[in-house]
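Heads up, the thing below is written out as structure tokens.
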Amino acid sequence: MSNDYYGLTTRSLENDFLRLEFLTDAGPRIVRLFLRGSEENWFAEVPQKKIATPLGDYFFRGGHRLWYAPEKIPQTYQPDNAPIHIESLVDGVSLHQSPEPLTGIRKHIEIHLHAGRAALTLTHSLENTGTQSIELAPWALTMLKLGGVAILPQTREPVDEHGLLPNRNLVLWRYTRVNDPRLELRDDVVRLHARAELPPCKIGYLNRAGWMAYWRNEILFVKRFTPHPSALHPDLNCNVEVYCNDEFIELETLAPMQRLEPQQSITHTETWEFYTHVHTLEQIQERIK
Numbered sequence: 356m357s358n359d360y361y362g363l364t365t366r367s368l369e370n371d372f373l374r375l376e377f378l379t380d381a382g383p384r385i386v387r388l389f390l391r392g393s394e395e396n397w398f399a400e401v402p403q404k405k406i407a408t409p410l411g412d413y414f415f416r417g418g419h420r421l422w423y424a425p426e427k428i429p430q431t432y433q434p435d436n437a438p439i440h441i442e443s444l445v446d447g448v449s450l451h452q453s454p455e456p457l458t459g460i461r462k463h464i465e466i467h468l469h470a471g472r473a474a475l476t477l478t479h480s481l482e483n484t485g486t487q488s489i490e491l492a493p494w495a496l497t498m499l500k501l502g503g504v505a506i507l508p509q510t511r512e513p514v515d516e517h518g519l520l521p522n523r524n525l526v527l528w529r530y531t532r533v534n535d536p537r538l539e540l541r542d543d544v545v546r547l548h549a550r551a552e553l554p555p556c557k558i559g560y561l562n563r564a565g566w567m568a569y570w571r572n573e574i575l576f577v578k579r580f581t582p583h584p585s586a587l588h589p590d591l592n593c594n595v596e597v598y599c600n601d602e603f604i605e606l607e608t609l610a611p612m613q614r615l616e617p618q619q620s621i622t623h624t625e626t627w628e629f630y631t632h633v634h635t636l637e638q639i640q641e642r643i644k
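Residue numbers (the numbering used here): 356 to 644.
What follows is the structure, given as structure tokens:
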């Protein structure tokens, strides 16, 4: 089925629990996601939000995208306004971008809907079609509507035999206020309440649990991934980051830094799960087990 996203053509993918829309003439981008029985897009929609780069305007659009770290202009912000190659799969779809002109990196997102539940798996791939090796980390970002709270599990157990070494880190960006009222630091979890305030708040850390979540309107959205705690990650060793401004909140996972040689590819996989009728923090813990 073809639809429209602020003048851009989309196609849809659905099962008995979820329906999503992805762009056909830009991306790869997933721009809408609906739970069965609801017409509310879970993603933020910011079609006009952009940043000027030497290569042209980069549009954030909203929804889910694939980047790579470390964040640089113009490398990270190369415009993705060209049509993509789409391949239908038995339970999903494969979205291929043409190689980026500056780096030769080709982005690819493969989407598989799960049978029997409100879940999907996204495999993000970066292929180096150029002639030079590039050091980078796959970076998956999901822009969500405000009004909920991001939940970031914290490590309580020691990471060495005698419990002498640090087991947690918290990374702050230059604009992040330590006393930001949206930020709630607890021993078991860190929470970031998604309210429309400025300046923005961004935090990151090394997540050993392999999940992060967003709880809004009694619906729990969980991102699962495979952590690699012994590997080096970008941004002072973060594999999870959350950014919140006055328009959206962004849940981000990052793979380890790797040197990608010409003609090589690397992947980073997320599994998304949705749970309804989640009223309490205790219920959140039950769903995530």
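Every residue, glycine too, gets a C-beta built ideally from N, C-alpha and C.
**Study point:** Candidates Pro508, His419 and Glu376: closest to asparagine 648 by CA position
**Key:** Nothing in the structure corresponds to residue 648, since the chain is present only between 356 and 644.
Check your understanding: From threonine 622 to glutamate 628, what does the alpha carbon distance come to, in whole angstroms?
Key -> To locate residue 622, count along the sequence shown from 1; it is residue 267. To locate residue 628, count along the sequence shown from 1; it is residue 273. When rounded, the distance between both Cα atoms is 20 Å.
Review point. Is phenylalanine 372 near leucine 390, with beta carbons less than 9 Å apart?
Key: Reading the sequence shown from its first residue, position 17 is the one you call residue 372. Reading the sequence shown from its first residue, position 35 is the one you call residue 390. Yes, these two residues count as a Cβ contact at 9 Å.
Review point. Among all the DSSP beta bridges, which residues are the ones paired with methionine 567?
Key: As a working mapping, residue 567 is identified with position 212 in the sequence shown. Answer by DSSP bridge pairing, in chain order: Lys578.
Check your understanding: Do the CB positions of arginine 571 and glycine 471 come within less than 9 Å of each other?
Key -> For the purposes of this step, residue 571 is identified with residue 216 of the sequence shown, where counting begins at 1. For the purposes of this step, residue 471 is identified with residue 116 of the sequence shown, where counting begins at 1. With respect to glycine 471, arginine 571 sits apart: the two C-beta atoms are not nearer than 9 Å.
Check your understanding: So what does threonine 478 bridge to, in DSSP terms?
Key -> Counted from its first residue, the sequence shown places residue 478 at position 123. DSSP lists Glu465 and Thr624 as partners of threonine 478.
Review point. Unbroken beta strand (DSSP E) runs of length 3 or more, entirely within the stretch 508 to 545: which are they?
Key: Correct list: 538 to 540.
Review point. Count the other CB atoms within 10 Å of the CB of glycine 661; is the residue buried (16 or more) or exposed (fewer)?
Key: With the chain running from 356 to 644 in the structure shown, residue 661 is simply not present.
Exercise for review: Apply the 10 Å Cβ neighbour rule to proline 409 and answer buried if 16 or more other Cβ atoms are within range, or exposed otherwise.
Suggested key: Translated into positions along the sequence shown, residue 409 becomes position 54. Here proline 409 is exposed: its Cβ has fewer than 16 other Cβ atoms, across all protein chains shown, within 10 Å.
**Study point:** Simplified DSSP assignment, three categories, for proline 589
**Key:** Here residue 589 corresponds to residue number 234 of the sequence shown, with the count starting at 1. Of the three classes helix, strand and coil, the one that applies to proline 589 here is helix, per DSSP.
Exercise for review: Quick one: grab the DSSP three-state call for leucine 444.
Suggested key: One-based indexing of the sequence shown puts residue 444 at position 89. In the structure shown, leucine 444 adopts coil according to DSSP, grouped into three states.
Point to revise | Unbroken beta strand (DSSP E) run spanning isoleucine 406, endpoints | key: Along the sequence shown, one-based indexing puts residue 406 at 51. Isoleucine 406 -> beta strand (DSSP E) spans 400 to 408.
Point to revise | Contact belief for glutamate 596 with glycine 565 at Cβ below 8 Å, rounded distance in angstroms | key: Locating residue 596 in the sequence shown gives position 241, where the first residue counts as 1. Locating residue 565 in the sequence shown gives position 210, where the first residue counts as 1. Going by Cβ atoms, the distance from glutamate 596 to glycine 565 rounds to 15 Å, so no, they are not a contact pair.
Point to revise | Meets three-Cβ-pair contact criterion under 8 Å: the stretch 477 to 487 and the stretch 523 to 537 | key: With a cut-off of 8 Å, the stretch 523 to 537 and the stretch 477 to 487 do not count as touching, because too few Cβ pairs lie within range.
Practice item. Measure from the alpha carbon of glutamate 369 to the alpha carbon of each residue in Ile385, Gly362, Tyr360 and Ala381, then state which is nearest. Key: Translated into positions along the sequence shown, residue 369 becomes position 14. Taking glutamate 369 as reference, the option from Ile385, Gly362, Tyr360 and Ala381 with the minimal CA-CA separation is Ile385.
Review point. According to DSSP, which residues form a beta bridge with aspartate 412?
Key: The residue labelled residue 412 in the question sits at position 57 within the sequence shown. DSSP lists Ala407 as the beta-bridge partner residues of aspartate 412.
Point to revise | Cβ-based neighbour list, threonine 379, same chain, cut-off 6 Å, excluding 5 preceding and 5 following | key: Translated into the one-based positions of the sequence shown, residue 379 becomes position 24. Cβ within range, chain order: Thr364 and Arg366.
Point to revise | Range covered by the alpha helix (DSSP H) that runs through leucine 388 | key: As a position in the sequence shown, residue 388 is number 33, starting the count at 1. For leucine 388, no alpha helix (DSSP H) segment is defined; the enclosing uninterrupted segment is the beta strand (DSSP E) at 384 to 390.
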